[in-house]
Every structure is written in C-alpha cells, then in structure tokens.
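From first to last, the protein sequence lines stand for chains A and B. Under our numbering, the first sequence is numbered contiguously, ending at residue 252. Under our numbering, the second sequence is numbered contiguously, ending at residue 1268.
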Amino acid sequence: MATTTTENAVDFDRVGLTFANGTTALTDVSLRIRKGEFVSIVGPSGCGKSTLLRIASGLSAATAGQCDVARSHVGYVFQDATLLPWRTALRNVELFGELSGARSDKAARKAAAKRTLDEVGLAGFEDHLPHQLSGGMRMRVSLARSLTIEPDLFLFDEPFGALDEITRDRLNDLVFDLFLEHGFAGMFVTHSVREAVAMSTRVVVMTGRPGSIIEEFEVPFGENRGPELRESPEFADLVARVGHSLRGASVV
Amino acid sequence: MSAPIPPRLRTALITTAPPLAVLGGALVGWYLISYLGLSPERRFLLPPPHEVVTEGFLNPAAGPAIATALLQTAIVAAVGLLVAFVVGVLWAVTMSQARWAERSLFPYAVVLQCIPILALVPLVGFWFGFGFSARVIVCALMALFPIVSNTLFGLRSVDVRMRELFALQRASRWQVLVQLEAPAALPAVFAGLRISAGLAVVGAIVADFFFRQGTPGIGTVISRYQALAQGAPLFAAIIAAALLGIIVFALFGWLGRRAVGSWSGEEG
C-alpha cells in the first residue's frame, strides 16, 4: 500500500454529490482523517452524513471533487448488524475471511474468529444464532466481523442508534478501546452528540440540504475515556458546545 | 382444583381438538344425509362412513388395490415434483442473475400458470405416450409455477444492506448466490415446495384419468369405481387420495421447519 507522509486514511477534497434527479446531497465537503484519528460526524437527519460514508467505502461515487481512500482494508458497520441469520456468531465472524478466498486453512481462520469474538466480549457465545443474541451482542458480532480484515479505515453508519443508553455507552467504550488497540482510522456517523464526544478525537458538525461541514471540534480527552469522563463537567461543556453548533445547523 | 394438565398435552389438545370437533360434526352430517336424505336404493351415492371403511378400505377386493394404486401415484408425484424442483430452481436462479433474463423468462412462468393444464394433458399424452413419463410431465407442469415464483421471490428478498456487505468484500456473483441468496431463499423455496407437492399429487390423479397405459394410479381406480357406481370403494379411494395430499403437505412443512426453523423464527 502506498504510504504518504501525511498518512491520510481518507481524503475528501471538495466532494459533492448530486443525484440523477437533481437533488444535491453533498456540496463542497473537505475532510481528512489521518491514521490514529477517530472522527465522528454529527448532523440532522438527511444531511448527507451517511452518503459521505458510502462515498468513502466506494458504495456511492462522488459527482464533484475527489475522495482518496486506500480501499484494501475498509471495515464497515451498518445501522443493522447485518448478520447472516443462518450462521452462528462464530461463522458470521468467519465470513469475510471465506469471501476473500484466501486459501488459509480453516482451523486458523476459526481460531482467529474466536479470538476476535473474545476481544469484543462475546466469549462463550460462538455457537449462538443471531436471533438468540441481544441487539448489542449482534452489534458486537458485526464489529468483530469487520475487525478480522484488520481495517486501516473503519466506517460506522449510526450503528448504535437502536440500542438503549447503557448498552450504547458500553459499545462506545468498546469501539474506543478497539481503536486504541488496532490503530485504525475511525469515521463514525451518528446523531448523538454525547456518543460522538465520548469516543472521538474530533467531531465534525454537518448541516443539511445540501450537506456540508459547518464546524469542527477537537476532543481533548486523550485515551482515558469511560464512565468517569461522561460525568465530568468538561465532557458536559463540550457536548453543550457541539450541541449548540448542531442546533444552528438544524434551523430549517 | 382439578389435576393440572401437562403443558405439552395442553398444547396438543388445543391444536387437535378443534379440527377433530369439525370432523365429528362432518361425520354426523354425513350420516344424516346418508340415512335420512337418501332412500336405501340411492344410498350408494353417499354410503355412510362405516360402510366406506368396511366395504371400501377393509374390502379385500378394494383395499389392497387402493393401496397399490396410491403408492404408484405417490411415486409419479414424487418424480414429477423432483423434475419441477430442478427445472423451477434453475429457471428462478437464471432469472435472478440479470434483469433482462427475468424480463425474458418470467412472462412464460405466468403463461404456465394461466393456461389450463387440463387442456394440455391430452397433448402431453400424444407427445410422450400414455404411461409413466407423460404422467410425470403432467405433475411437473402442475408443480412448476409455485417453485419458480417462490424461489425467485426468495432470491430477491435479500436485504440491500446484505448485498452491499458482500459487495464491499468484493464477493463474486457465485459467492453471493451460494452464501447469501440461496440460504435466504430457503424458507420461500420450502413454502413453494409445500404447495407444489400437493399440486403434483393432483397432477398424478388427473393424468390417470387421461392416460390408460402404464401402472394405474389412484385416479384410475377412482374412475373405475365411478364407472361401476361402487359408492363405498369410490369414497375410500377419494379419501385415500386426499390423505396422500395431506401427508405430502405435512411432510414438506416438517422438512421446511427442520431445514430453516432454527434461524427463520418459525420454530415450534
């Protein structure tokens, strides 16, 4: 893989997207995410923040500007866990390895999948089918599945929106730990400011119609996150400032 | 308090008692018509249930003949269903691979559904003889459409996110078909098979009415008792044919639950 001095995992350069029907979803979005950064994108519904992820992953193509991504190792977690219902948790985690067609031996792949499930806190649930797991657990399986491809860039499309707050907090902490451990660049789309601040190194606020970036916030909390941080006044203060910016963006 | 009923027995009672009550009511109605509605000389039109048993099923001149014919019908229907399954699944998979293939081929699935198969049966006889293969083809024609349409529906039912997930991993078309579409289609395929299995039995019986060569099936037996105006054996043969249909329907329901019940949420 080409290594540049800046180590950009994603580089959006004045990206725009106009659909065939004339609707402009995104306009003039410039955003760089370096390795070792975890960037959350918050914005009102329909502001095109998910579209940005789709462009980064290659599922959609920009109609203006340029988006550079090294696409060999991109993890992607959708709003739903998107597990195959007929496969056990372990076999779901093995899926990407199977699809890559690498003739690696089955035992090694299985062992790796098992290790990854342990890492997301699902040791002992290897043989459970998705419908036997809770929503949070299914998301953990989904995270594990993407981890097996050792992503350089990990894209999250509002993955925890349907979960209760406690489960969501735990998964935020898990994702942040995985980020520290694996060193991928993270790009996380959400409409929860709290979630964005808790697990990011930078928060980007977008406005809608057409989608563009209006403000960016550095998150100065370093590597020690978790429940204590969420109760601190600094945390509340930053959430308030981002929230204020977001409310400005949401005025229709 | 009365003695508690074990939950399993309770569920069994709840599911079996209502249909049994209906059956009981039907039998009572049957007796009433047979004994009160019909004069003794016309009673052969609807012989009472116990006569159907004694003079039909237990009659050494009728019972064994019905059983043999029923087995033959089951074999014809099974082979016909197998042919319909293979042809139908290939047809549906071909259509699922490209929109132009679907546009080209789906109208003919609809045509197959719309033309009266009964009108085709004599033609099938002319072309393929009046024996085993013609009967199998009639069964397959009857059974084909539900398999084609259900399999196609199942293959197409895959969630768009799942498709994107596979696209992001650069999965080949073959991988998408085998790892994603085929398993996702299984519940629909089994629902189609269940309908088609019953239709295949009907097809085998219909074919018997038209084709006089080859081993006779239950349809042949029915038409013979009909010609001879033998009420009790006729009813016995019809009930046997219906039972075969019910057994086949139940069998495929059970197979479907065995195959996909653990993950499709149709457990139980």
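Quick reminder that beta carbons are idealized off the backbone N, C-alpha and C, glycines included.
With respect to V93 of chain A, V204 of chain A sits apart: the two C-beta atoms are not nearer than 8 Å.
Here DSSP, grouped into helix, strand and coil, assigns V1158 of chain B to coil.
Interface criterion met: the Cβ of P1183 of chain B is under 8 Å from a Cβ in chain A.
At a C-beta separation below 8 Å, L99 of chain A has these neighbours in chain B: F1166, Q1169, R1170, A1171, Q1175 and Q1179. Pairing R1161 of chain B with T82 of chain A, the inter-Cα distance amounts to about 7 Å. Cα atoms of A112 of chain A and D127 of chain A: separation of roughly 15 Å, rounded to the nearest angstrom.
Judged by DSSP in its simplified three-state form, C1114 of chain B adopts helix.
Taken through DSSP and simplified to helix, strand or coil, F1153 of chain B comes out as helix.
Think of a sphere of 7 Å around the beta carbon of S1262 of chain B: the chain A residues whose beta carbon falls inside it are L129, in chain order. Contact fails between the stretch 1167-1184 of chain B and the stretch 1123-1143 of chain B, because fewer than three Cβ pairs, one in each stretch, are under 8 Å apart. Here DSSP, grouped into helix, strand and coil, assigns Q1169 of chain B to coil. Taking 7 Å as the cut-off between beta carbons, none of the residues of the stretch 175-202 of chain A comes near chain B.
Put simply, of A:A20, A:L59, A:E119 and A:V74 the residue whose alpha carbon is nearest the alpha carbon of V10 of chain A is A:V74. Only buried fits T1073 of chain B, as 16 or more other CB atoms lie within 10 angstroms of its CB.
Taking F1166 of chain B as the centre and dropping the five residues before and after it, the same chain places the C-beta of Q1175, V1176, Q1179 and L1180 closer than 8 Å to its C-beta, in chain order. Interface with chain B (8 Å Cβ-Cβ cutoff): P85 of chain A is included. L1020 of chain B sits exposed, since fewer than 16 C-beta atoms from the chains shown fall within 10 Å of its C-beta. In this structure, A64 of chain A lies near R14 of chain A, with their beta-carbon atoms less than 8 Å apart. Sequence-ordered contacts of the stretch 61-72 of chain A with chain B are nonexistent [C-beta pairs closer than 8 Å].
R1161 of chain B has a beta carbon lying within less than 8 Å of a beta carbon in chain A.
In the DSSP annotation of this structure, the continuous segment of the beta strand (DSSP E) that includes Y76 of chain A starts and ends at V74 to V77.
For L59 of chain A, the residues of chain B that pass the 8 Å Cβ criterion are E1164, A1167 and L1168, in the order they occur in the chain.
Put simply, the CB of F19 of chain A is far from chain B, with every gap to its CB atoms at 8 Å or more. Interface annotation, F78 of chain A: in contact with chain B, CB-CB separation under 8 Å.
F1044 of chain B is not a Cβ neighbour of A1227 of chain B, given a cutoff of 8 Å.
G136 of chain A: member of the alpha helix (DSSP H) spanning G135 to L147, first to last residue. Here M187 of chain A is bridged, per DSSP, to A:V39 and A:L155.
In the pairwise beta carbon analysis, the stretch 1144-1158 of chain B is classified as touching the stretch 1079-1090 of chain B: at least three pairs are separated by under 8 Å. When C-beta distances to chain B are compared with 7 Å, every residue of the stretch 34-53 of chain A stays at or above that value.
Relative to F184 of chain A, the option among A:W86, A:R34 and A:F12 whose CA is nearest is A:R34. Among the residues facing chain B, T82 of chain A is included, as its CB has a counterpart in that chain under 8 Å away. Contact between the stretch 1051-1070 of chain B and the stretch 1228-1244 of chain B is present: three or more C-beta pairs spanning the two stretches fall below 8 Å. From the beta-carbon of F96 of chain A, the residues of chain B found nearer than 8 Å are Q1169.
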